[in-house]
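Only one structure is covered here, and it is reproduced in the block below.
Protein chains: 2
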Amino acid sequence: MTDPRLRRQLDFIVEVDKLKQVLRRTSIVGEARLENSAEHSWHLGVMAALLAEYAPHGTDLGRTLLMLLIHDVVEIDAGDTFAFDESANADKLVRERKAAERLFGLLPPDQGDRLWSLWEEFEAGRTPEARFANALDRFHAFVQNVSNGGGTWKAHAISKERIMQRMDPIREGAPALWPHVVRTVDEIMGPTPPEEEAGA
Amino acid sequence: MTDPRLRRQLDFIVEVDKLKQVLRRTSIVGEARLENSAEHSWHLGVMAALLAEYAPHGTDLGRTLLMLLIHDVVEIDAGDTFAFDESANADKLVRERKAAERLFGLLPPDQGDRLWSLWEEFEAGRTPEARFANALDRFHAFVQNVSNGGGTWKAHAISKERIMQRMDPIREGAPALWPHVVRTVDEIMGPTPPEEEAGA
Chain A
1 MTDPRLRRQL
11 DFIVEVDKLK
21 QVLRRTSIVG
31 EARLENSAEH
41 SWHLGVMAAL
51 LAEYAPHGTD
61 LGRTLLMLLI
71 HDVVEIDAGD
81 TFAFDESANA
91 DKLVRERKAA
101 ERLFGLLPPD
111 QGDRLWSLWE
121 EFEAGRTPEA
131 RFANALDRFH
141 AFVQNVSNGG
151 GTWKAHAISK
161 ERIMQRMDPI
171 REGAPALWPH
181 VVRTVDEIMG
191 PTPPEEEAGA
Chain B
201 MTDPRLRRQL
211 DFIVEVDKLK
221 QVLRRTSIVG
231 EARLENSAEH
241 SWHLGVMAAL
251 LAEYAPHGTD
261 LGRTLLMLLI
271 HDVVEIDAGD
281 TFAFDESANA
291 DKLVRERKAA
301 ERLFGLLPPD
311 QGDRLWSLWE
321 EFEAGRTPEA
331 RFANALDRFH
341 AFVQNVSNGG
351 GTWKAHAISK
361 ERIMQRMDPI
371 REGAPALWPH
381 VVRTVDEIMG
391 PTPPEEEAGA
């Protein structure tokens, strides 16, 4: 008989396979197919490793990596909530907490608690690791949108002001990447008129 | 203008998006769709974190994680080589080395060299990290096959002896998982007859 601890670990490992069926709003580069949240999480892990030098000094890369790998598993129950959909965002927290309880509850308690608190840390965005992880999450969407010529932004008619609001965690969590973001959004969406800048 | 170092990092990050288009032979759990190598790499990262306690003492989890995240990127040029296809495996090494040269060559040299040597370490399978990473790579295919009732093995008429050969890196790199593998393959494929066991 399989050891009960390994059994619980395997149950979780099989259950999170479903993240491969959760679709995001962004397409994979150069293709029409939407990206799923498992692929996205992989890409974030690679980005964390390569862009670690833009994280604030003292950020623990190992914790950031693990946080990124599990930051979206709650979507298995709660679904991917489109960033620019205000009504869906209203009950996002409730749906995701319930999902965290069920999913992390599959694991042996020590591991479930650890992953749950890592996920909460990501959501709260107060530690350097959580800020850097959130910055990369936004930066990935940014890189994809830029690769597709601003595809998602244009398709959903998102204003430049809202894009910059959405990207703001990059300014906080990976400030060294911010000038690149500002310049690139200007190139794609046109420069910000002086009056809009003053009123923001 | 974007800093040339960041430009190279971004070029690599965008290029490896193509790993999401490389299909493996295993289906995602409960679905007909084949898994791609980016999703697979994500799943391995999660598994490494959760199954670290089965790695030999002293295995560096951070290095294992990073190794797993990048171990398949060469498939972008070289394709996924089916484990049980002998002719495709003959020139696998040549195709993959050429791919490594091009892909890791996109990065700033310090990072390219680091990832390239991590990939070669994985392929050589001689360090504890590389052994554990290889064990998880096989264990993932194992978990998926078991979830699908032995689907890929049965569809391609793979003998039990060849399955066990293929799974052997688990015995070496994560010996604590081996009894579970032996017992589960017995359950799915039937116990090994005594004469076959003696003749192996």
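If you read the protein sequences in the order shown, they are chains A and B.
Residues 1 to 200 (my numbering) are what the first sequence spells out, left to right.
Residues 201 to 400 (my numbering) are what the second sequence spells out, left to right.
Heads up, the beta-carbon is just placed ideally off N, CA and C, and yes, glycines get one too.
For clarity, every value in this text was computed on a predicted model and none was experimentally measured.
Within-8 Å CB hit, residue i to chain B
i        : result
Leu136/A : no
Gly45/A  : yes
Leu93/A  : no
Pro191/A : no
Ala130/A : no
Ile13/A  : yes
Leu6/A   : yes
Proximity winner among the options, relative to residue i (alpha-carbon distances)
i        : options                                   : result
Asp3/A   : Val385/B, Gly262/B and Ala376/B           : Ala376/B
Arg233/B : Gln21/A, Pro191/A and Thr81/A             : Gln21/A
Leu293/B : Phe339/B, Pro308/B, Arg225/B and Trp319/B : Trp319/B
Leu336/B : Gly349/B, Met367/B and Thr327/B           : Met367/B
Ala248/B : Glu301/B, Arg331/B, Thr352/B and Ala288/B : Arg331/B
CB contact check: residue i to chain A, cutoff 8 Å
i        : result
Ala398/B : Since pLDDT at Ala398/B reaches only 48, below the 50 mark, its modelled position is unreliable, and no value is offered.
Ser317/B : no
Glu387/B : no
Gln271/B : A small fix is needed here, since residue 271/B is His in this sequence, not Gln. So, not an interface residue.
Glu320/B : no
Leu251/B : yes
Gln173/B : Because residue 173/B is not part of the residues shown, which for chain B are 201 to 400, the question remains open.
Ser287/B : no
Separation of residue j from residue i, as counted between CA atoms
i        : j        : result
Thr384/B : Val346/B : 8 Å
Trp316/B : Asn334/B : 16 Å
Ala398/B : Pro369/B : A caution first: Ala398/B carries a pLDDT of 48, below 50, which makes its placement in the model unreliable, though a value can still be read off. So the two alpha carbons sit approximately 21 Å from each other.
Phe322/B : Arg314/B : 12 Å
Leu61/A  : Ala52/A  : 7 Å
Ala400/B : Arg362/B : Low local confidence applies: a pLDDT of 42 at Ala400/B is under 50, so the model's placement there is unreliable, and no value is given.
Phe212/B : Phe304/B : 8 Å
Gln209/B : Asn236/B : 23 Å
Tyr254/B : Ala374/B : 6 Å
His43/A  : Gln144/A : 11 Å
Phe282/B : Lys354/B : 15 Å
Arg24/A  : Val229/B : 19 Å
Val14/A  : Arg97/A  : 20 Å
Ala100/A : Thr26/A  : 24 Å
Pro109/A : Ala288/B : 44 Å
Asp17/A  : Arg95/A  : 20 Å
Ala238/B : Thr59/A  : 26 Å
Proximal residues of chain A, C-beta to C-beta of residue i below 9 Å
i        : result
Ser227/B : Ordered by position in chain A, no residue passes the 9 Å Cβ test against Ser227/B, which lies about 10 Å from the chain.
Lys360/B : Within chain A, no residue comes near Lys360/B; the closest Cβ sits about 19 Å away, beyond 9 Å.
Asp280/B : Simply none; closest approach about 15 Å.
Lys220/B : Ile28, Val29, Glu31, Arg33, Glu35, Asn36, Glu39, Trp42 and His43
8 Å Cβ cut-off: residues of chain B touching residue i
i        : result
Trp178/A : Chain B residues near Trp178/A: none, gap ~12 Å exceeds 8 Å.
Gly62/A  : Leu261, Gly262 and Leu265
Chain-ordered chain A contacts of residue i [CB-CB under 8 Å]
i        : result
Leu210/B : Val143
Listed by chain order, chain A residues near residue i by CB distance under 7 Å
i        : result
Thr202/B : His180
Partner residues on chain B for residue i, Cβ-Cβ distance less than 7 Å
i       : result
Val16/A : Val246
Of all the alpha helix (DSSP H) runs that stay within the bounds of the stretch 264 to 292 of chain B, which reach a length of 4 or more residues?
275 to 278 and 286 to 290
Ordered list of alpha helix (DSSP H) runs contained in the stretch 149 to 200 of chain A, each at least 4 residues
151 to 155, 160 to 173, 178 to 189 and 194 to 199
Which full runs of the alpha helix (DSSP H) of 4+ residues lie inside the stretch 7 to 51 of chain A, going along the chain?
37 to 50
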